[in-house]
Amino acid sequence: MPYINIKITREGTTAEQKAELIKGATELLARVLNKNPKTTVVIIEEVDMDSWGIGGDPAAIAREKEKLRVAEIEELKLSKDALVRELAELKGISLALADDEPPVFTLDNHALKLKKGKKSKRKHKK
């Protein structure tokens, strides 16, 4: 008889959400491991937030650190995009790039070059 133990932090999970977890975990074992759903046991344990730690910090602090880290990454992305555009403007390069293809600048002793994929596209202003 398969036994599944799900531990989550106590944050107001509803009975409906728990029922969905039980159903989903049971279906997962039936589909992946060919286990009989009628004999699969699922237990959900809720743990107080102050009893749950991540990376050496209580869960609440770890989550705040993660939010700050994500915000810093987004800020760096915006700064990088602004810098790329400014460099392109300084060199007179038109940036008509797809969002998923960021430009790559290389510096050598002679010039700043823009490379997009395998092709090099440079448009100089007259």
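So the sequence shown is numbered by my numbering: it starts at 535 and just counts up by one.
The beta carbon of each residue, even a glycine, is placed where N, CA and C say it ideally should be.
- The bridge partners DSSP lists for Lys557 come to none.
- Here the C-alpha atom of Lys552 lies approximately 38 Å from the C-alpha atom of Lys611.
- Taking the CA atoms as reference points, Gly558 sits about 21 Å from Val581.
- Listed as beta-bridge partners of Gly587 by DSSP are Pro592.
- Ala549 has its alpha-carbon roughly 17 Å from the corresponding atom of Val575.
- Put simply, the region 596–603 does not touch the region 559–570. Fewer than three CB pairs are less than 8 Å apart.
- For the 8 Å CB-CB criterion, Thr543 and Ala593 form a contact.
- Ile578 is positioned such that its CB atom lies closer than 8 Å to that of Ile540.
- Rounded to the nearest whole angstrom, the C-alpha separation of Met535 and Asp615 is 55 Å.
- In the three-state reduction of the DSSP assignment, Glu579 falls in the strand class, which pools E and B.
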